[in-house]
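With my numbering applied, the sequence shown corresponds to residues 51 to 474, in that order.
Below you'll find the structure, written out as C-alpha coordinates, and then a few comments.
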Amino acid sequence: MSYKIGDFVRIEKDGAFFEGHIISGEPGYITLKMTGGGYISGFLEDAVRVEVLESPKNPPIFLVRPSAKNAPAFSKSKSGKKISILSTGGTIACYFNPETGSVIPSFSAADILSEVPELDGFADFTAREVFSLLSENMGPQHWIKLAEAIYEEIQNGADGIIVTHGTDTMAYSAAAISYMIETPVPIVFTGAQKSPDRPSSDNHMNLICAAKVAKSDIAEVMIVMHGSISDDFCFVHRAVKAKKMHTSRRDTFKSINMAPLARIDYKSDRFELMSDNTAYSKRGEKTLSLSPKLETKCAIVKFVPGSSPDILDYYLENDYKGIVLEGVGLGHVSDDWVSVIQKAAVKKIPVIVTSQCIFGATAIDTYETGQNMKKAGAIEAVDQTTEAVFVKMMWLLGQGLDYETVQKKLVEDLRGEISSMIID
51 MSYKIGDFVR
61 IEKDGAFFEG
71 HIISGEPGYI
81 TLKMTGGGYI
91 SGFLEDAVRV
101 EVLESPKNPP
111 IFLVRPSAKN
121 APAFSKSKSG
131 KKISILSTGG
141 TIACYFNPET
151 GSVIPSFSAA
161 DILSEVPELD
171 GFADFTAREV
181 FSLLSENMGP
191 QHWIKLAEAI
201 YEEIQNGADG
211 IIVTHGTDTM
221 AYSAAAISYM
231 IETPVPIVFT
241 GAQKSPDRPS
251 SDNHMNLICA
261 AKVAKSDIAE
271 VMIVMHGSIS
281 DDFCFVHRAV
291 KAKKMHTSRR
301 DTFKSINMAP
311 LARIDYKSDR
321 FELMSDNTAY
331 SKRGEKTLSL
341 SPKLETKCAI
351 VKFVPGSSPD
361 ILDYYLENDY
371 KGIVLEGVGL
381 GHVSDDWVSV
391 IQKAAVKKIP
401 VIVTSQCIFG
411 ATAIDTYETG
421 QNMKKAGAIE
431 AVDQTTEAVF
441 VKMMWLLGQG
451 LDYETVQKKL
461 VEDLRGEISS
471 MIID
(Lines of atoms letter the chains of each structure in order from A and count residues from 1; the text may use other names and numbers.)
(Lines give C-alpha, C1' and ligand atoms only; values in the text may rest on other atoms or scores of the structure.)
Protein backbone atom coordinates (compact mmCIF):
# COMPACT_ATOMS: atom_id res chain seq x y z
CA MET A 1 0.00 0.00 0.00
CA SER A 2 1.28 3.49 -0.83
CA TYR A 3 1.69 6.05 1.90
CA LYS A 4 2.95 9.62 2.29
CA ILE A 5 4.33 11.97 4.90
CA GLY A 6 1.58 12.83 7.40
CA ASP A 7 -0.24 9.47 7.12
CA PHE A 8 -1.13 7.68 10.34
CA VAL A 9 0.23 4.14 9.97
CA ARG A 10 0.84 0.87 11.76
CA ILE A 11 4.21 -0.71 11.03
CA GLU A 12 4.89 -4.38 11.66
CA LYS A 13 8.48 -5.45 12.08
CA ASP A 14 9.65 -8.81 13.42
CA GLY A 15 6.31 -9.41 15.14
CA ALA A 16 6.24 -5.98 16.85
CA PHE A 17 3.81 -3.18 15.97
CA PHE A 18 4.44 0.58 15.94
CA GLU A 19 1.80 3.27 15.34
CA GLY A 20 2.31 6.91 14.55
CA HIS A 21 2.43 9.62 11.91
CA ILE A 22 5.07 9.44 9.19
CA ILE A 23 7.21 12.56 9.45
CA SER A 24 10.04 11.60 7.12
CA GLY A 25 10.24 9.50 4.02
CA GLU A 26 13.89 9.58 3.10
CA PRO A 27 14.75 7.04 0.37
CA GLY A 28 14.55 3.57 1.86
CA TYR A 29 13.65 4.72 5.38
CA ILE A 30 10.62 5.73 7.44
CA THR A 31 10.52 7.91 10.56
CA LEU A 32 7.48 7.91 12.86
CA LYS A 33 6.14 10.36 15.41
CA MET A 34 4.82 7.78 17.89
CA THR A 35 1.34 7.91 19.43
CA GLY A 36 2.85 7.54 22.89
CA GLY A 37 5.27 10.38 22.35
CA GLY A 38 8.75 10.53 20.95
CA TYR A 39 10.16 9.42 17.63
CA ILE A 40 11.38 6.19 16.11
CA SER A 41 13.32 6.05 12.87
CA GLY A 42 15.38 3.82 10.65
CA PHE A 43 12.64 1.48 9.41
CA LEU A 44 13.80 -0.06 6.16
CA GLU A 45 10.89 -0.02 3.74
CA ASP A 46 11.64 -3.47 2.38
CA ALA A 47 11.87 -5.01 5.87
CA VAL A 48 8.50 -3.93 7.29
CA ARG A 49 4.80 -4.11 6.58
CA VAL A 50 3.09 -0.71 6.49
CA GLU A 51 -0.67 -0.30 6.92
CA VAL A 52 -2.28 3.14 6.54
CA LEU A 53 -4.94 3.72 9.22
CA GLU A 54 -7.54 6.34 9.90
CA SER A 55 -6.02 9.11 12.02
CA PRO A 56 -7.20 8.85 15.65
CA LYS A 57 -10.34 10.83 16.48
CA ASN A 58 -8.88 11.58 19.88
CA PRO A 59 -5.31 12.49 18.98
CA PRO A 60 -2.55 11.82 21.48
CA ILE A 61 -1.40 14.63 23.72
CA PHE A 62 1.50 15.63 21.51
CA LEU A 63 -0.95 16.76 18.84
CA VAL A 64 -3.03 18.92 21.16
CA ARG A 65 -2.24 22.59 21.35
CA PRO A 66 -2.67 23.93 24.90
CA SER A 67 -5.06 26.80 25.30
CA ALA A 68 -4.58 29.63 27.74
CA LYS A 69 -8.34 30.23 27.56
CA ASN A 70 -8.96 27.05 29.56
CA ALA A 71 -6.09 27.58 32.00
CA PRO A 72 -6.81 28.94 35.47
CA ALA A 73 -5.68 32.52 36.04
CA PHE A 74 -2.37 32.85 37.85
CA SER A 75 -2.63 34.29 41.32
CA LYS A 76 -0.85 37.48 42.34
CA SER A 77 2.62 37.07 43.79
CA LYS A 78 3.63 38.11 47.28
CA SER A 79 6.77 39.71 45.91
CA GLY A 80 4.82 42.01 43.61
CA LYS A 81 7.46 41.53 40.87
CA LYS A 82 6.08 42.08 37.38
CA ILE A 83 7.47 39.87 34.62
CA SER A 84 6.48 40.29 30.98
CA ILE A 85 6.73 37.28 28.67
CA LEU A 86 7.18 38.22 25.01
CA SER A 87 6.88 35.38 22.52
CA THR A 88 8.42 35.43 19.05
CA GLY A 89 7.81 31.84 17.96
CA GLY A 90 10.49 29.18 17.73
CA THR A 91 10.41 25.56 18.89
CA ILE A 92 9.19 26.54 22.36
CA ALA A 93 6.00 27.78 20.66
CA CYS A 94 5.60 24.89 18.19
CA TYR A 95 3.53 21.76 17.89
CA PHE A 96 3.64 18.83 15.50
CA ASN A 97 1.39 19.07 12.44
CA PRO A 98 0.72 15.56 11.07
CA GLU A 99 -0.51 16.96 7.76
CA THR A 100 2.91 18.36 6.94
CA GLY A 101 5.09 16.12 9.12
CA SER A 102 6.76 19.18 10.64
CA VAL A 103 6.52 21.36 13.72
CA ILE A 104 5.03 24.81 13.28
CA PRO A 105 4.90 27.87 15.57
CA SER A 106 1.43 28.09 17.04
CA PHE A 107 1.54 28.79 20.79
CA SER A 108 1.01 32.32 22.02
CA ALA A 109 2.85 33.82 24.98
CA ALA A 110 -0.20 33.10 27.13
CA ASP A 111 -0.26 29.47 25.92
CA ILE A 112 3.40 29.05 26.82
CA LEU A 113 2.81 30.45 30.30
CA SER A 114 -0.26 28.27 30.89
CA GLU A 115 1.90 25.17 30.33
CA VAL A 116 3.95 25.90 33.46
CA PRO A 117 1.60 25.92 36.49
CA GLU A 118 4.62 25.91 38.85
CA LEU A 119 4.98 29.62 38.09
CA ASP A 120 1.63 30.39 39.71
CA GLY A 121 2.30 33.03 42.36
CA PHE A 122 5.97 33.37 41.41
CA ALA A 123 5.44 36.81 39.89
CA ASP A 124 2.74 38.93 38.33
CA PHE A 125 2.95 37.77 34.74
CA THR A 126 1.75 39.43 31.58
CA ALA A 127 1.98 37.75 28.18
CA ARG A 128 2.43 39.40 24.80
CA GLU A 129 2.91 37.86 21.37
CA VAL A 130 5.30 39.91 19.25
CA PHE A 131 5.82 37.42 16.40
CA SER A 132 5.08 33.79 15.61
CA LEU A 133 8.09 32.80 13.54
CA LEU A 134 10.68 30.09 13.27
CA SER A 135 13.90 31.86 14.17
CA GLU A 136 15.51 31.43 10.76
CA ASN A 137 12.87 33.89 9.55
CA MET A 138 13.85 36.52 12.13
CA GLY A 139 15.81 39.44 10.72
CA PRO A 140 16.93 42.95 11.65
CA GLN A 141 13.45 44.36 11.11
CA HIS A 142 12.16 41.92 13.73
CA TRP A 143 14.98 42.76 16.16
CA ILE A 144 13.92 46.41 16.00
CA LYS A 145 10.25 45.63 16.67
CA LEU A 146 11.22 43.31 19.50
CA ALA A 147 13.45 45.99 21.04
CA GLU A 148 10.58 48.47 20.88
CA ALA A 149 8.22 45.96 22.54
CA ILE A 150 10.71 45.24 25.35
CA TYR A 151 11.26 48.96 25.86
CA GLU A 152 7.50 49.53 26.16
CA GLU A 153 7.13 46.73 28.72
CA ILE A 154 9.92 48.13 30.91
CA GLN A 155 8.50 51.64 30.57
CA ASN A 156 5.15 50.25 31.77
CA GLY A 157 6.69 48.87 34.94
CA ALA A 158 8.02 45.39 34.12
CA ASP A 159 10.64 44.26 36.67
CA GLY A 160 11.92 41.60 34.28
CA ILE A 161 11.48 40.47 30.69
CA ILE A 162 11.41 36.93 29.29
CA VAL A 163 11.69 36.56 25.51
CA THR A 164 10.82 33.12 24.12
CA HIS A 165 12.70 32.60 20.88
CA GLY A 166 13.92 29.90 18.51
CA THR A 167 17.40 28.68 19.37
CA ASP A 168 18.89 28.72 15.86
CA THR A 169 19.30 32.52 15.68
CA MET A 170 18.81 33.38 19.34
CA ALA A 171 22.45 34.49 19.71
CA TYR A 172 21.96 37.10 16.97
CA SER A 173 18.67 38.45 18.33
CA ALA A 174 19.81 38.54 21.94
CA ALA A 175 23.06 40.30 21.00
CA ALA A 176 21.11 42.83 18.93
CA ILE A 177 18.86 43.63 21.91
CA SER A 178 21.99 44.00 24.07
CA TYR A 179 23.17 46.89 21.90
CA MET A 180 19.80 48.49 21.19
CA ILE A 181 18.61 48.68 24.82
CA GLU A 182 20.28 50.01 27.96
CA THR A 183 18.31 48.12 30.60
CA PRO A 184 17.80 48.59 34.35
CA VAL A 185 16.11 45.15 34.64
CA PRO A 186 16.92 41.58 33.50
CA ILE A 187 16.09 40.70 29.90
CA VAL A 188 16.16 36.91 29.52
CA PHE A 189 16.00 34.96 26.26
CA THR A 190 14.99 31.32 26.47
CA GLY A 191 13.68 28.63 24.16
CA ALA A 192 13.57 24.90 23.59
CA GLN A 193 15.36 22.29 21.55
CA LYS A 194 12.28 20.03 21.58
CA SER A 195 8.73 21.26 21.05
CA PRO A 196 6.32 21.26 24.04
CA ASP A 197 4.25 18.40 22.59
CA ARG A 198 7.18 16.02 23.07
CA PRO A 199 7.66 14.21 26.39
CA SER A 200 11.37 15.01 26.18
CA SER A 201 10.81 18.75 25.72
CA ASP A 202 13.10 21.12 27.58
CA ASN A 203 10.67 24.07 27.43
CA HIS A 204 9.31 23.55 30.95
CA MET A 205 12.57 23.76 32.86
CA ASN A 206 14.01 26.50 30.67
CA LEU A 207 11.02 28.77 31.29
CA ILE A 208 11.10 28.20 35.06
CA CYS A 209 14.82 28.99 35.18
CA ALA A 210 14.29 32.04 32.98
CA ALA A 211 11.66 33.32 35.41
CA LYS A 212 14.10 32.96 38.29
CA VAL A 213 16.69 34.99 36.39
CA ALA A 214 14.07 37.62 35.44
CA LYS A 215 13.64 38.26 39.21
CA SER A 216 17.38 38.33 39.86
CA ASP A 217 19.76 41.25 40.33
CA ILE A 218 21.55 40.77 36.98
CA ALA A 219 20.27 43.57 34.75
CA GLU A 220 21.69 42.48 31.41
CA VAL A 221 20.49 40.73 28.29
CA MET A 222 21.02 37.00 28.87
CA ILE A 223 20.32 33.58 27.43
CA VAL A 224 19.07 30.92 29.88
CA MET A 225 18.99 27.29 28.74
CA HIS A 226 19.81 23.80 30.03
CA GLY A 227 23.29 23.46 31.51
CA SER A 228 23.37 19.69 30.96
CA ILE A 229 21.35 17.12 29.06
CA SER A 230 19.41 16.30 32.26
CA ASP A 231 16.63 18.29 33.93
CA ASP A 232 18.82 19.55 36.75
CA PHE A 233 20.13 23.08 36.17
CA CYS A 234 20.39 25.94 33.71
CA PHE A 235 23.26 28.26 32.87
CA VAL A 236 22.91 32.01 32.52
CA HIS A 237 24.93 33.21 29.53
CA ARG A 238 25.71 36.82 28.72
CA ALA A 239 23.96 37.32 25.38
CA VAL A 240 26.98 38.80 23.60
CA LYS A 241 29.17 35.85 24.67
CA ALA A 242 26.77 32.98 23.93
CA LYS A 243 26.78 30.59 20.99
CA LYS A 244 24.64 27.65 19.92
CA MET A 245 27.06 24.72 19.78
CA HIS A 246 24.95 21.64 18.98
CA THR A 247 22.05 21.05 16.64
CA SER A 248 19.85 19.14 19.08
CA ARG A 249 21.35 18.76 22.59
CA ARG A 250 19.52 20.45 25.45
CA ASP A 251 22.73 22.09 26.65
CA THR A 252 23.43 23.55 23.22
CA PHE A 253 24.38 27.06 24.42
CA LYS A 254 27.86 27.74 25.74
CA SER A 255 29.58 30.89 26.98
CA ILE A 256 32.57 31.60 24.75
CA ASN A 257 35.86 32.71 26.34
CA MET A 258 34.23 33.28 29.71
CA ALA A 259 32.33 31.30 32.31
CA PRO A 260 28.54 31.56 32.41
CA LEU A 261 27.30 34.38 34.62
CA ALA A 262 25.38 32.02 36.89
CA ARG A 263 23.93 28.56 37.45
CA ILE A 264 20.32 28.04 38.55
CA ASP A 265 19.09 24.78 40.04
CA TYR A 266 15.76 23.72 38.61
CA LYS A 267 14.12 22.31 41.75
CA SER A 268 15.58 24.62 44.39
CA ASP A 269 16.16 28.31 44.93
CA ARG A 270 19.91 27.93 44.60
CA PHE A 271 21.32 30.68 42.40
CA GLU A 272 25.09 30.50 42.08
CA LEU A 273 27.12 33.29 40.50
CA MET A 274 29.98 31.78 38.51
CA SER A 275 31.92 34.69 37.04
CA ASP A 276 33.62 36.13 40.13
CA ASN A 277 36.07 38.11 38.02
CA THR A 278 33.42 39.45 35.65
CA ALA A 279 31.54 42.62 36.50
CA TYR A 280 27.89 42.69 35.54
CA SER A 281 25.21 45.34 35.53
CA LYS A 282 22.95 45.23 38.55
CA ARG A 283 19.25 45.99 38.75
CA GLY A 284 18.57 49.73 38.66
CA GLU A 285 22.13 50.77 37.76
CA LYS A 286 21.35 51.88 34.21
CA THR A 287 18.73 54.28 32.91
CA LEU A 288 16.40 52.75 30.34
CA SER A 289 17.17 53.88 26.79
CA LEU A 290 16.44 52.66 23.27
CA SER A 291 18.63 53.08 20.16
CA PRO A 292 17.04 50.75 17.62
CA LYS A 293 18.51 51.88 14.31
CA LEU A 294 20.51 49.26 12.40
CA GLU A 295 22.47 49.30 9.14
CA THR A 296 21.29 46.16 7.38
CA LYS A 297 23.85 46.23 4.53
CA CYS A 298 26.50 44.36 6.48
CA ALA A 299 27.83 40.90 5.67
CA ILE A 300 29.70 37.97 7.16
CA VAL A 301 32.28 36.51 4.76
CA LYS A 302 34.01 33.22 5.50
CA PHE A 303 37.47 32.70 4.07
CA VAL A 304 38.29 29.18 2.91
CA PRO A 305 41.49 27.91 1.29
CA GLY A 306 41.59 28.79 -2.38
CA SER A 307 38.63 31.19 -2.27
CA SER A 308 38.81 34.23 -4.48
CA PRO A 309 38.92 37.77 -3.06
CA ASP A 310 36.28 38.56 -5.69
CA ILE A 311 33.83 37.58 -2.92
CA LEU A 312 34.78 40.75 -1.06
CA ASP A 313 34.62 42.77 -4.26
CA TYR A 314 30.96 41.79 -4.61
CA TYR A 315 30.07 43.48 -1.33
CA LEU A 316 32.22 46.55 -2.04
CA GLU A 317 30.59 47.02 -5.43
CA ASN A 318 27.06 46.57 -4.06
CA ASP A 319 27.23 49.36 -1.49
CA TYR A 320 27.66 47.26 1.64
CA LYS A 321 28.66 49.34 4.65
CA GLY A 322 30.56 46.84 6.79
CA ILE A 323 32.09 43.36 6.61
CA VAL A 324 32.87 40.73 9.24
CA LEU A 325 35.61 38.54 7.82
CA GLU A 326 35.98 35.07 9.37
CA GLY A 327 39.61 34.13 8.96
CA VAL A 328 41.37 30.91 9.85
CA GLY A 329 43.36 30.26 13.01
CA LEU A 330 44.41 33.58 14.51
CA GLY A 331 42.29 35.38 11.92
CA HIS A 332 44.26 35.05 8.69
CA VAL A 333 43.26 35.10 5.03
CA SER A 334 45.53 34.44 2.06
CA ASP A 335 47.86 37.11 0.65
CA ASP A 336 45.67 37.83 -2.38
CA TRP A 337 42.84 39.08 -0.14
CA VAL A 338 44.96 41.89 1.33
CA SER A 339 44.55 44.27 -1.61
CA VAL A 340 40.75 44.00 -1.42
CA ILE A 341 40.84 44.73 2.33
CA GLN A 342 42.82 47.86 1.44
CA LYS A 343 40.22 48.74 -1.19
CA ALA A 344 37.53 48.55 1.52
CA ALA A 345 39.55 50.91 3.72
CA VAL A 346 39.82 53.43 0.87
CA LYS A 347 36.03 53.26 0.52
CA LYS A 348 35.75 53.68 4.33
CA ILE A 349 34.05 50.32 4.74
CA PRO A 350 35.09 48.73 8.06
CA VAL A 351 36.41 45.17 7.89
CA ILE A 352 36.69 43.37 11.23
CA VAL A 353 38.38 39.98 11.41
CA THR A 354 37.14 37.09 13.57
CA SER A 355 38.37 33.52 13.75
CA GLN A 356 36.59 30.38 12.61
CA CYS A 357 37.94 28.79 15.80
CA ILE A 358 35.34 28.90 18.55
CA PHE A 359 37.65 29.66 21.47
CA GLY A 360 40.58 32.02 21.82
CA ALA A 361 41.32 35.43 20.33
CA THR A 362 42.55 36.81 17.04
CA ALA A 363 46.23 37.78 16.82
CA ILE A 364 46.96 38.63 13.20
CA ASP A 365 50.21 40.41 14.10
CA THR A 366 51.79 37.01 14.68
CA TYR A 367 52.49 36.28 11.00
CA GLU A 368 53.47 38.39 8.03
CA THR A 369 50.16 37.99 6.19
CA GLY A 370 48.27 39.19 9.25
CA GLN A 371 50.57 42.19 9.60
CA ASN A 372 49.82 43.08 5.99
CA MET A 373 46.09 42.69 6.67
CA LYS A 374 46.37 45.14 9.53
CA LYS A 375 48.35 47.64 7.44
CA ALA A 376 45.63 47.36 4.79
CA GLY A 377 42.99 48.43 7.32
CA ALA A 378 41.62 45.25 8.88
CA ILE A 379 40.84 45.41 12.59
CA GLU A 380 40.66 42.50 15.00
CA ALA A 381 37.61 41.24 16.86
CA VAL A 382 39.86 39.88 19.64
CA ASP A 383 37.57 37.25 21.26
CA GLN A 384 34.19 38.62 20.19
CA THR A 385 31.88 36.03 18.66
CA THR A 386 30.97 36.42 15.01
CA GLU A 387 27.29 36.76 15.93
CA ALA A 388 27.91 39.52 18.48
CA VAL A 389 30.37 41.57 16.43
CA PHE A 390 28.12 41.34 13.35
CA VAL A 391 25.13 42.93 15.08
CA LYS A 392 27.47 45.33 16.91
CA MET A 393 28.70 46.57 13.53
CA MET A 394 25.11 46.92 12.27
CA TRP A 395 24.19 48.90 15.37
CA LEU A 396 27.22 51.20 15.32
CA LEU A 397 26.74 52.01 11.64
CA GLY A 398 23.03 52.54 12.31
CA GLN A 399 23.87 55.33 14.73
CA GLY A 400 25.36 57.39 11.89
CA LEU A 401 28.92 57.27 13.25
CA ASP A 402 31.80 58.01 10.91
CA TYR A 403 34.26 55.37 9.70
CA GLU A 404 37.01 56.19 12.20
CA THR A 405 34.59 56.12 15.17
CA VAL A 406 33.07 52.81 14.07
CA GLN A 407 36.59 51.34 13.72
CA LYS A 408 37.41 52.47 17.24
CA LYS A 409 34.19 51.32 18.90
CA LEU A 410 34.21 47.91 17.21
CA VAL A 411 37.16 47.02 19.42
CA GLU A 412 35.78 48.66 22.57
CA ASP A 413 34.04 46.53 25.19
CA LEU A 414 30.52 48.00 25.16
CA ARG A 415 28.39 45.17 26.60
CA GLY A 416 30.91 42.67 27.97
CA GLU A 417 31.54 41.19 24.53
CA ILE A 418 35.33 41.32 24.93
CA SER A 419 36.54 39.10 27.78
CA SER A 420 39.17 40.21 30.24
CA MET A 421 40.33 36.60 30.39
CA ILE A 422 41.05 34.49 27.32
CA ILE A 423 40.73 30.74 27.82
CA ASP A 424 43.69 28.89 26.28
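Even for Gly, the Cβ is constructed at its ideal location relative to N, Cα and C.
Just so we're clear, the structure is a prediction, and the values are computed from it rather than from any experiment.
8 Å Cβ shell around residue i - same chain, five flanking residues per side excluded
i, result
"residue 412", "377, 380, 381, 403, 404, 405, 430, 431, 432, 433"
"residue 369", "347"
"residue 421", "414, 415"
"residue 252", "242, 243, 244, 275, 276, 281, 300"
"residue 295", "302, 303, 304, 408"
"residue 104", "58"
Option nearest residue i by Cα separation, candidates the options
i, options, result
"residue 212", "293, 179, 456", "179"
"residue 479", "364, 234, 365", "The question about residue 479 has no answer here: the residues shown for the chain are numbered 51 through 474."
"residue 232", "334, 390, 277", "334"
"residue 441", "428, 102, 460, 274", "460"
"residue 386", "363, 207, 367", "363"
"residue 417", "128, 383, 296", "383"
"residue 475", "343, 262, 56, 256", "The requested residue 475 does not occur in the structure, where the chain is confined to residues 51 to 474."
"residue 354", "201, 331, 407", "407"
"residue 266", "287, 219, 321, 206", "321"
"residue 371", "345, 361, 207, 388", "345"
"residue 390", "410, 409, 424", "424"
"residue 217", "397, 289, 360", "289"
"residue 339", "361, 307, 229", "229"
"residue 200", "367, 227, 295, 68", "227"
"residue 388", "67, 361, 144", "361"
"residue 330", "285, 410, 462, 236", "236"
"residue 35", "250, 259, 258, 305", "Since the displayed the chain opens at 51 and closes at 474, residue 35 lies outside it and no answer follows."
"residue 303", "59, 319, 273, 332", "273"
"residue 170", "269, 261, 55, 69", "261"
"residue 465", "419, 398, 336", "336"
"residue 332", "268, 458, 357, 367", "268"
"residue 202", "136, 64, 190", "136"
Contacts around residue i, its chain only, beta-carbon distance under 6 Å, and the 5 residues preceding and following it disregarded
i, result
"residue 315", "283"
"residue 375", "351, 401, 403"
"residue 176", "134"
"residue 278", "301"
"residue 111", "In this predicted model, residue 111 has a pLDDT of only 38, less than 50, meaning its place in the structure is not dependable enough to derive any value."
Whole-number beta carbon distance between residue j and residue i, since they are thought to touch under 8 Å
i, j, result
"residue 291", "residue 138", "With 8 Å as the limit, residue 291 and residue 138 do not qualify as a contact, their Cβ atoms being about 21 Å apart."
"residue 443", "residue 400", "7 Å"
"residue 173", "residue 127", "5 Å"
"residue 53", "residue 100", "6 Å"
"residue 209", "residue 293", "So it is not a contact: roughly 28 Å between Cβ atoms."
"residue 215", "residue 182", "That belief does not hold up - the Cβ atoms of residue 215 and residue 182 are roughly 12 Å apart, past 8 Å."
"residue 225", "residue 438", "4 Å"
"residue 307", "residue 409", "6 Å"
"residue 426", "residue 392", "4 Å"
"residue 287", "residue 166", "Contact flag wrong, Cβ pair sits at about 21 Å."
"residue 366", "residue 397", "6 Å"
"residue 258", "residue 168", "6 Å"
Coarse secondary structure for residue i, derived from DSSP in three states
i, result
"residue 454", "helix"
"residue 142", "helix"
"residue 448", "helix"
"residue 319", "coil"
"residue 275", "strand"
"residue 254", "helix"
"residue 464", "coil"
"residue 367", "helix"
"residue 459", "helix"
"residue 261", "helix"
"residue 291", "helix"
"residue 338", "coil"
"residue 344", "coil"
"residue 311", "coil"
"residue 306", "coil"
"residue 361", "helix"
"residue 55", "coil"
"residue 60", "strand"
"residue 469", "coil"
"residue 81", "strand"
"residue 242", "coil"
"residue 283", "strand"
"residue 269", "coil"
"residue 113", "Any reading at residue 113 needs caution, since the residue's pLDDT is 39, under 50, leaving its predicted position unreliable; the model's value is listed next. DSSP places residue 113 in helix when its eight states are reduced to three."
Same chain, Cβ closer than 7 Å to residue i, neighbours up to 5 away in sequence not counted
i, result
"residue 324", "309, 310, 311, 312, 313"
"residue 468", "432, 433, 434"
"residue 342", "194, 197, 198, 230"
"residue 453", "398, 400"
"residue 62", "98, 99"
beta-carbon residue i near the ligand FMN non-hydrogen atom, thresh 6 Å
i, result
"residue 142", "Of ligands this structure carries none, so the ligand FMN is not represented either."
Report task. Let me know the beta strand (DSSP E) ranges lying completely inside the segment 160–238, each 3 residues or longer, listed in chain order. Result -> 174–183, 210–214
Report task. Quick one: which unbroken beta strand (DSSP E) runs of 3-plus residues sit fully inside the segment 373–456? Chain order, please. Result -> Here the runs fully enclosed are 401–405.
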